[in-house]
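Residues in the sequence shown are numbered from 30 upward in steps of one, following our numbering. For glycine and all other residues, C-beta sits at the position ideal for the given N, C-alpha and C. Computed from a prediction, not measured in an experiment: that's the story for all the values here.
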Amino acid sequence: MNPSLNQTPYLFPGYLEYDVAAQSRGSENYPSRRTEDVDLVIHVDQRMITSACLTTNLLSSFPSDFDGINQFGHTIPAYKLHRPGGTVQLVELEVFDCQSWPQRPQYNILVATRKTLTINGRRVTLFGSEWILREKILSQCERQSGAKEVSDIHNIMSMIPLAVPGRPELDFIQSQDLQTALANLVQKRPFLVQALKAKIKCSTIFQN
Numbered sequence: 030m031n032p033s034l035n036q037t038p039y040l041f042p043g044y045l046e047y048d049v050a051a052q053s054r055g056s057e058n059y060p061s062r063r064t065e066d067v068d069l070v071i072h073v074d075q076r077m078i079t080s081a082c083l084t085t086n087l088l089s090s091f092p093s094d095f096d097g098i099n100q101f102g103h104t105i106p107a108y109k110l111h112r113p114g115g116t117v118q119l120v121e122l123e124v125f126d127c128q129s130w131p132q133r134p135q136y137n138i139l140v141a142t143r144k145t146l147t148i149n150g151r152r153v154t155l156f157g158s159e160w161i162l163r164e165k166i167l168s169q170c171e172r173q174s175g176a177k178e179v180s181d182i183h184n185i186m187s188m189i190p191l192a193v194p195g196r197p198e199l200d201f202i203q204s205q206d207l208q209t210a211l212a213n214l215v216q217k218r219p220f221l222v223q224a225l226k227a228k229i230k231c232s233t234i235f236q237n
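Structure follows, in structure tokens:
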């Protein structure tokens, strides 16, 4: 986590609650697995610090750390990641909040399974493996027949061993969208059925 994000209390006095949905990472052996963006989900409290407000302030307050790039007609911040050899990689930072995205109730971090890590002395809150597993099951169905579908399925396989059964994110019974996405996944990757059944509650598909 870069220091600029951890300086948000100086931009907005008080504690800004956030979760990180992805971290920039890479591997020389597996370049296709490198994540080139970070999703940051924040909780909007009485100060009304929305995703748009935070985005604007990151760009204006930390010009040496962030550059603005155009994504689908909107300007989003990109962190200037200095890599070995002196090159700079722009890591896109997409900021979301449940208030600005009411169609995405999964962005309500107050009810999400989360975990906190200490990285280089800084506390970073991440979405739990269960949240990520659920979202990747949805996205692999939405992004079929493309490179991102393959990446989503790889991520699913990585998250299954880490997910804890019984967490609310893994109860698919009340969501038709989740059931449809799960059915799509097990049809394409039947060898995952038993592993998924051990983690996910879905009576229509797993009879559990």
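| Asked | Found |
| --- | --- |
| Straight-line gap, I229 to S158 (C-alpha atoms, nearest Å) | 13 Å |
| Option in I234, L119 and V140 with minimal Cα separation from P197 | V140 |
| Burial state of V117, where buried means 16 or more other Cβ atoms lie within 10 Å | exposed |
| Beta carbon of I78 nearer than 9 Å to that of I138 | no |
| CA-to-CA distance, F101 to S174, given in whole angstroms | 21 Å |
| Inside the segment 70-139 only - beta strand (DSSP E) runs reaching at least 3 residues | 95-100, 103-111 and 117-126 |
| Within 9 Å, strictly: CB atoms of C170 and A210 | yes |
| Where K228 falls: helix, strand or coil (DSSP) | coil |
| For T209, three-class secondary structure by DSSP | helix |
| Test item: CB-CB of P185 and I166 under 9 Å | According to the sequence as given, residue 185 is Ile; it is not Pro. Yes, the Cβ-Cβ distance between I185 and I166 is below 9 Å. |
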